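> Per UniProt numbering: the sequence shown = residues 1 to 353. We treat Cβ as the ideally placed atom computed from N, Cα and C, and that holds for glycine. Since this is a predicted model, take the numbers as computed values, not measurements. Below: one structure in structure tokens.
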Amino acid sequence: MNVIFDKKVSKALKGILIIIMYWSHMFNHPERLQKEIEWISLFKIGGKTVEEFLVPFFHVAVPCFFFIAGYGYYISNLNRTKSAKKQILGLYTKYWIVFAAFIPLCAILGKIQITPVSLLLNLIGLSSSYCGEWWFLSTYVEIIFVFSLIDKYIRNHNVKTIHVFTVSVALSFAGYLINAVLSHVGIDTDNLILHELYYFLIKQPLFIIGWCLARCDYIKKMNAFLNRVESKKKVLLICILCIFTFTFQYITLIPETYIYIVYLPVFVYMFSLASLMMPKLISQIFEEFGKYSTYMWLCHSILLYKLVQKYIYFPKISILCWMNLVCLSFGCSIILANIEKSIWGVFRYFKES
């Protein structure tokens with residue numbers, strides 16, 4: 001067994017994550033749908049629609065994006081292929097292109113209210129009042145920026161992986177504790193500084209666990225372990241891992257971050273294993289989605305909640321509505337990516353001339 005988690009598998013995983021994120025947003029927030037919007041469920045499971053039943057499984061999307069970012073950060077740093085500065089600039093470039101394409105239109109249609117302060121805060125990503133799903137931007141950038149500074153110290157002083165992980169978990173615990181104490185004494189934790197600090201502290205372990213496991217080469221170690229296991233026991237172990245992967249999502253007593261610290265390594269390995277058996281065409285489709293996943297993330301909620309909701313739910317049947325959003329956002333993402341390519345082309349032309 002030779003499971004790998006390379007750039008190709010990572011892209012395919014991102015592609016799956018982005019479309020299951022769509023599912024969660026479409027069928028888990030009835031309060032965000034217009035009154036006249038109705039959709040037809042495929043069937044019911046235990047009194048719930050299958051669409052609602054699947055939502056807890058699909059909450060893995062955002063945590064897994066942090067995990068992949070941490071894993072990729074270590075590999076990129078190892079190969080010196082992409083600096084943190086380039087990563088942040090690349091993300092902001094995409095963000096501003098989507099911002100310029102959709103926010104003025106939303107304002108004209110009366111979907112958002114623009115003030116000088118809100119415009120500035122949303123432009124730099126410190127507010128997601130124009131689009132709630134954009135909260136990810138500031139947290140991701142903060143984690144990348146802070147860790148790029150700490151990473152130099154880690155490498156120069158050869159800090160052990162377990163120490164990095166322990167500090168990360170301790171910081172997240174501090175985040176949960178501070179938030180609980182402040183809420184208890186009546187201090188508003190939604191103010192800008194406290195909100196950013198809280199999300200940074202509780203989300204950074206998801207990035208760090210990806211970085212730590214890449215540093216430990218855990219995929220290779222898992223392969224070596226499974227290769228030593230007898231075939232019958234191997235099948236049993238894989239079945240247990242599959243059951244674990246599907247049932248772990250229903251644990252609610254533990255803070256989400258700590259659940260995913262345990263869950264994500266198993267989930268990513270199981271996906272990498274499944275990718276070996278995935279038909280080539282299916283894999284290529286997911287890779288294409290993964291290639292444009294940043295744009296698909298940025299534009300889908302604007303389309304879903306502010307611009308073309310009636311069109312998206314027009315097919316009525318849930319899975320067709322979902323496919324409608326996937327196709328629409330994918331098409332928009334290709335157009336936006338080509339706009340970005342043209343902008344960089346013009347920039348290079350003036351730089352060289």
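Tell me whether Thr115 sits in a helix, a strand or coil according to DSSP, three-state version.
In the structure shown, Thr115 sits in coil (DSSP, three-state: anything other than H, G, I, E or B).
> Which residues does DSSP list as the beta-bridge partners of Ile143?
Answer is none; Ile143 lacks a bridge partner.
> Under 8 angstroms: do the segment 2 to 10 and the segment 31 to 42 share three or more Cβ pairs, one atom per stretch?
The segment 2 to 10, when compared against the segment 31 to 42, does not touch it at the 8 angstroms Cβ threshold.
> Pull up the distance between the alpha-carbon of Lys310 and that of Ile37, whole angstroms please.
Rounded to the nearest angstrom, the two C-alpha atoms are 7 angstroms apart.
> Distance check for Leu325 and His300, CA to CA, integer angstroms please.
Spanning the two alpha carbons is a distance of roughly 7 angstroms.
> Would you call the segment 113 to 124 and the segment 43 to 56 touching, i.e. three or more CB-CB distances under 8 angstroms?
Counting Cβ pairs under 8 angstroms, fewer than three are found: no touch.
> What three-state label does DSSP hand residue 397 in the structure shown?
In the structure as shown, the chain begins at 1 and stops at 353. Residue 397 is therefore absent and cannot be evaluated.
> Assess contact between the segment 172 to 184 and the segment 127 to 138, defined as three or more Cβ pairs (one per stretch) separated by less than 8 angstroms. Is contact present?
No, they do not touch.
> Does DSSP put Lys35 in a helix, in a strand, or in coil?
In the structure shown, Lys35 sits in coil (DSSP, three-state: anything other than H, G, I, E or B).
> Using a Cβ distance threshold of 8 angstroms, determine whether the segment 88 to 105 contacts the segment 60 to 71, with at least three qualifying pairs required.
Touching, no.
> Pull up the DSSP beta-bridge partners for Lys44, would you.
Bridge partners of Lys44: Thr49.
> Straight-line CA distance for His29 to Leu206?
Straight-line Cα distance between these residues: approximately 25 angstroms.
> Can you tell me where the alpha helix (DSSP H) holding Tyr92 begins and where it ends?
Counting along the chain, the alpha helix (DSSP H) containing Tyr92 begins and ends at Ala84 to Ile108.
> Following the continuous alpha helix (DSSP H) through Phe350, name the residue where it begins and the one where it ends.
Here the alpha helix (DSSP H) through Phe350 covers Ser318 to Glu352.
> Quick one: Cα of Leu273 to Cα of Ile219, how far?
Straight-line Cα distance between these residues: approximately 10 angstroms.
> Count the other CB atoms, across all protein chains shown, that sit within 10 Å of the CB of Met21; report buried if there are 16 or more and exposed otherwise.
Answer is buried; the Cβ neighbour count reaches 16.
> My guess is that Lys85 and Gly290 are in contact by the Cβ rule of under 8 angstroms, so how many angstroms apart are they, rounded?
Going by Cβ atoms, the distance from Lys85 to Gly290 rounds to 23 angstroms, so no, they are not a contact pair.
> Nearest by alpha-carbon distance to Tyr140: which of Tyr199, Val159, Ala180 and Pro104 is it?
Ranking the options by Cα distance to Tyr140, first place goes to Tyr199.
> So, under 8 angstroms CB-CB, Ser168 and Ile208 are touching, yes? Tell me the CB distance rounded to an integer number of Å.
About 4 angstroms separates the two Cβ atoms, so the contact holds.
> Any idea what DSSP makes of Pro315, helix, strand or coil?
DSSP places Pro315 in coil when its eight states are reduced to three.
> First and last residue of the alpha helix (DSSP H) that includes Phe289?
First-last of the alpha helix (DSSP H) with Phe289: Lys280 to Lys291.
> Would you report the Cα separation of Asn122 and Ser342, rounded to the nearest angstrom?
Taking the straight line from one Cα to the other gives about 24 angstroms.
> Please classify Lys160: does DSSP put it in a helix, a strand, or coil?
Of the three classes helix, strand and coil, the one that applies to Lys160 here is coil, per DSSP.
> Write down the C-beta distance between Tyr292 and Ser333 rounded to the nearest angstrom, noting that I regard them as a contact closer than 8 angstroms.
Correct: roughly 4 angstroms between the Cβ atoms.
> Asn179: buried (16+ other C-beta within 10 angstroms of its C-beta) or exposed?
Buried, by the Cβ-count rule.
> Taking Cβ to Cβ, would you say Cys106 is nearer than 9 angstroms to Val164?
It is not a contact, given that the beta carbons lie outside the stated cut-off.
> What does the Cβ neighbour count give for Ser138, buried or exposed, with the cut at 16 atoms within 10 Å?
Under this definition Ser138 is a buried residue.
> Whose CA, out of His25, Gly70, Tyr73 and Glu31, lies closest to the CA of Pro56?
Closest by alpha carbon: His25.
> Which word fits Lys280, buried or exposed, when buried means at least 16 other C-beta atoms lie within 10 angstroms of its C-beta?
Lys280 is exposed by the Cβ-count criterion.
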